[in-house]
Every structure is written in C-alpha cells, then in structure tokens.
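*Asks:* One structure, pasted below without further comment.
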C-alpha cells in the first residue's frame, strides 16, 4: 500500500517537514540493517485520537535497542510525548505509527559500537493490512520454504530492521505463489509466526499459539487477544505446534498491530475448519475493534489519548 505523506516527521528531537526527512546514503543502517523499530496504531475514538498500548510499544522499542546495544538518547516519556504530538500535528486520527532507531552516518564497517544512534517517528494512514476481504472472509496462507531465523542468529525478541529480510523473502514467495501470507517454521520444524503476525489456532475451544521458544515475537496484539480471551473464559496455551496442528485446527487467525485480527481460511490449500471464519475468531476480532476504537470502557487503560 503506497505511503501517504504527512506534513511532518519527528527526527532526532524535532518535527521536520516530510520532504526534509532524509538520511545520507552512507548511513550505517542502510548498509548493514542495524536498527530497531516498532509498529503502533492510533484510532479515532469518541474522545478523539487514541494510541493503542503506546507505552507497551515504546517499552518494547527500548528492549529491542538494548538487545542490539543501541543507545537511544531520549527517555521513553519523551518518545511517548513526541508520538502524540506528531499524530496531533499531522491531523490523522487513525494512523499507523513507525518509530525507528538506527546507526546513523559517521562510521562504516561492521563494528556497531562506535556509531551514533538516530531516532525518527513517522505516521501515515494505513487501512486493512491484509485487505478488507481478508478481515471479513479470511486469508489463504502457505508454509514457507524460508525458516524463521534462530534466536542465536538474530534474536526474534528484538524487532530489528535487518531481521525482517527473513520475513520479506517468505512474503514474496507466498505472494508469487498466489497466497496472501506465509507461515514460517523454526529450524526444528515447529510453527513460529507469519511474516509480521503471531498465529493462533482454536482447538476444542482452547486457543493455542506458538511460544517464544519457537521464534515467535512476543506480540503486543497477541498479549491483548490472550487477555480478552481470558476475560471471555477462553484459555490460551503457549506451546509448540506442528504444521499438521494448523491443518486440523477448528479455527485459525493471526494477530499484529498492522494486520490487527485476521481469520485464516486455509493453509497449504487445506481448509481450516469449515473454511469460513470461526465463531471464536469473529468474536475476538469484533471485541478487538471495539476496544481499540474506545467502545469498551473496561479496556480504556490501553488507550493513550492524543489530547488528554
């Protein structure tokens, strides 16, 4: 989906016009992929624009930076405030937000310990990541030939810029083969995650999702859905799953900040359940959209309003 330019981007402590948000061609991260990022969404609510679980996302941003030994020269509270002010000045109540920290211009070579860290935040309108039809009818997925990278190769606990080459290769393979999304297995053959989403299956009215040990990102949307499911009286188990567990699931859906909550209708051309979005999947999706748009007061603590 093409990016719609906003008026401003936040870069290294100040808002700059979108056309001035540039980096040098010798920026370290451009060559070696040494950076971390977050994906966050703001939604239009009855009380105005609200960023969903902003503090949780910023905290994970700093955790990713720690893993890469990137020193972010701002306090988390500064980035939280910068995010709100950027959403406000750009006037886009519902939007996707991308903070990024990366090794900047000044040093070249593989040693990441001598460079300086640049930080930027951008936002833009972004609709249904996997399409409106995907949200309503479900998507077709395939098991990728590309394995999820091992924790001792690139730690999946960090959202690293370079690490998503793994996801991009799997995504391209799936799309060229006529599918909507790819599912990556770990090196040991267990289900890990999609290219940018966590995986849930429903079996006998219990939610099953790959554990972090399978290489899955500790997704904030995954945590959200697990909590909402618990409040509905539905158990979530973090476990190891085989590809055949997906084939034989009663229901399946994937979660992520960009994707939100999307049913999966088939995997490797095997229908999941009836091939239609299941009852639990649809109810969790419905509740999720109610929550993020400020229509479930009991979850209002997850919303950080742009204008308090």
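In this note's numbering, the protein residues as written are 1 to 308.
From the three backbone atoms N, C-alpha and C, an ideal C-beta is built for every residue, glycine too.
(1) Contact defined as beta carbons within less than 8 Å: I believe residue 106 pairs with residue 263. What is the distance between those atoms, to the nearest angstrom?
(2) Based on Cα-Cα distance, which residue from 3, 163 and 187 lies nearest to residue 122?
(3) Which parts of the stretch 32 to 69 are runs of the alpha helix (DSSP H), unbroken and 4 residues or longer, counting only runs that do not cross its ends?
(4) Which first and last residues belong to the alpha helix (DSSP H) in which residue 170 is found?
(5) Please classify residue 307 as buried or exposed, where buried requires at least 16 neighbouring CB atoms within 10 angstroms.
(6) How is the beta strand (DSSP E) around residue 263 delimited, first residue to last?
(7) May I ask you to report which of helix, strand or coil DSSP gives residue 235?
(8) Taking the alpha carbon of residue 236 as the reference point, which residue from 19, 284, 271 and 12 has its own alpha carbon closest?
(9) Looking only at its own chain, which residues have a Cβ that is under 6 Å from the Cβ of residue 275, when we skip the five neighbours before and after it?
(10) Starting from the C-beta of residue 245, find all residues in its chain whose C-beta is less than 8 Å away, skip the five residues before and the five after it, and write them out in chain order.
(11) Taking the CB atoms as reference points, tell me whether residue 80 and residue 37 lie closer together than 8 Å.
(12) By how many angstroms is the C-alpha of residue 111 removed from the C-alpha of residue 30?
(13) Could you name the residues of the same chain whose beta carbon sits closer than 6 Å to that of residue 250, not counting the 5 residues immediately before and after it, in chain order?
(14) Please state the DSSP three-state secondary structure of residue 292.
(15) Assign residue 325 to one of two classes, buried (16 or more other C-beta atoms within 10 Å of its C-beta) or exposed (fewer than that).
(16) Report buried or exposed for residue 188, applying the criterion of at least 16 other Cβ atoms within 10 angstroms of its Cβ.
(17) Which residue from 255, 115, 129 and 75 puts its Cα closest to that of residue 194?
(18) Mind pulling the beta strand (DSSP E) runs of 3 or more residues that sit fully within the stretch 110 to 147?
(19) Below 8 Å on the Cβ atoms is my guess for residue 119 versus residue 83; work out the distance and round it to an integer in Å.
(20) Going by other Cβ atoms of all chains shown within 10 Å of its Cβ, with 16 needed for buried, is residue 57 buried or exposed?
*Replies:* Quick look at the numbers:
(1) Along the chain shown, one-based indexing puts residue 106 at 106. Along the chain shown, one-based indexing puts residue 263 at 263. Going by Cβ atoms, the distance from residue 106 to residue 263 rounds to 47 Å, so no, they are not a contact pair.
(2) Numbered from its first residue, the chain shown carries residue 122 at position 122. For residue 122, the nearest C-alpha among the options comes from 3.
(3) 54 to 68
(4) Taking the chain shown and counting its residues from 1, the one referred to as residue 170 is at position 170. 164 to 176 is the span of the alpha helix (DSSP H), which, as asked, contains residue 170.
(5) Along the chain shown, read from residue 1 onward, the residue named residue 307 stands at position 307. Counting Cβ neighbours within 10 Å, residue 307 comes out exposed, since fewer than 16 surround it.
(6) Position 263 of the chain shown, counting from 1, holds the residue named residue 263. Counting along the chain, the beta strand (DSSP E) containing residue 263 begins and ends at 260 to 267.
(7) Taking the first residue of the chain shown as position 1, residue 235 is located at position 235. Here residue 235 sits in coil by DSSP.
(8) Within the chain shown, the letter at position 236 stands for residue 236. Comparing Cα-Cα distances from residue 236 to each of 19, 284, 271 and 12, the minimum goes to 284.
(9) Counted from its first residue, the chain shown places residue 275 at position 275. Cβ within range, chain order: 265.
(10) Taking the chain shown and counting its residues from 1, one reaches residue 245 at position 245. Cβ neighbours of residue 245 beyond the five flanking positions: 191, 201, 203 and 208.
(11) On the chain shown, residue 80 is found 80 positions in, with the first residue counted as 1. On the chain shown, residue 37 is found 37 positions in, with the first residue counted as 1. Not closer than 8 Å, so no.
(12) Within the chain shown, numbered from 1, the residue matching residue 30 stands at position 30. Within the chain shown, numbered from 1, the residue matching residue 111 stands at position 111. Cα to Cα, the separation comes out at about 14 Å.
(13) Within the chain shown, numbered from 1, the residue matching residue 250 stands at position 250. The residues are 202, 203 and 273.
(14) In the chain shown, residue 292 corresponds to position 292, counting from 1. Here residue 292 sits in helix by DSSP.
(15) The structure shown does not extend to residue 325, since the chain spans only 1 to 308, so no value can be given for it.
(16) Taking the first residue of the chain shown as position 1, residue 188 is located at position 188. So residue 188 ends up on the exposed side.
(17) For the purposes of this step, residue 194 is taken as the residue at position 194 of the chain shown. Checking every option, the nearest Cα to that of residue 194 belongs to 255.
(18) 117 to 124 and 139 to 143
(19) Start at 1 with the first residue of the chain shown, and residue 119 comes out as number 119. Start at 1 with the first residue of the chain shown, and residue 83 comes out as number 83. About 11 Å separates the two Cβ atoms, so there is no contact after all.
(20) Along the chain shown, read from residue 1 onward, the residue named residue 57 stands at position 57. Classification of residue 57: buried, given that the 10 Å Cβ count is 16 or more.
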